[in-house]
Amino acid sequence: MHVKKGDKVMVISGKDKGKTGIILAAFPKKSRVLVEGVNIIKKHSKPSQANPQGGIISQEAPIHVSNVMPIDPKTGEPTRVGYKVVDGKKVRIAKKSGEVLDK
């Protein structure tokens, strides 16, 4: 997958197109990511120990990884991802600026 947990991404298609957020979780087997503040759904929950009130909760749902692009740290625009070997390590780079995306 071209994105990881903690990356700042922009949604490039779907109902939340143009929104930005940080990846909260990645599910590589399903090719999906959970992005903060994107694809909000309403979930009905029964009263429980954790939530004694119950009711309707708003939460993020995963979206397909092909619908997000990492944001270039230099330009602030969405960019494609390339890979380069630096000091014997494979790192992700932004195609637009050549900036390293991995910390």
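If you use full-length UniProt numbering, the sequence shown corresponds to residues 1 to 103, in order. Every residue, glycine too, gets a C-beta built ideally from N, C-alpha and C.
Since residue i and residue j should fall inside the 8 Å C-beta cutoff, what is the C-beta to C-beta distance between them, to a whole number of angstroms?
i   : j   : result
G55 : S66 : Contact doesn't hold; Cβ gap of about 34 Å is too wide.
A25 : I41 : Not a contact, Cβ separation roughly 15 Å.
D72 : K43 : Actually they are not in contact, since the Cβ atoms of D72 and K43 sit about 34 Å apart, beyond 8 Å.
Taking the beta carbon of residue i as the centre, do at least 16 other beta carbons fall within 10 Å, making it buried, or is it exposed?
i    : result
N51  : exposed
P70  : buried
G6   : exposed
G21  : buried
M10  : buried
D102 : exposed
V3   : buried
T79  : buried
D87  : exposed
I12  : exposed
V35  : buried
I93  : buried
Where does the unbroken beta strand (DSSP E) through residue i begin, and where does it stop?
i           : result
residue 122 : What the structure shows of the chain is the stretch from 1 to 103, and residue 122 is not part of that stretch, so it cannot be assessed.
R80         : No beta strand (DSSP E) holds R80; DSSP gives it neither H nor E.
E60         : 55–60
P70         : 68–70
Examine the ligand NAD and report whether any of its heavy atoms sits within less than 8 Å of the Cβ of residue i.
i   : result
V68 : The ligand content of the structure shown is nil, which means the ligand NAD is not present either.
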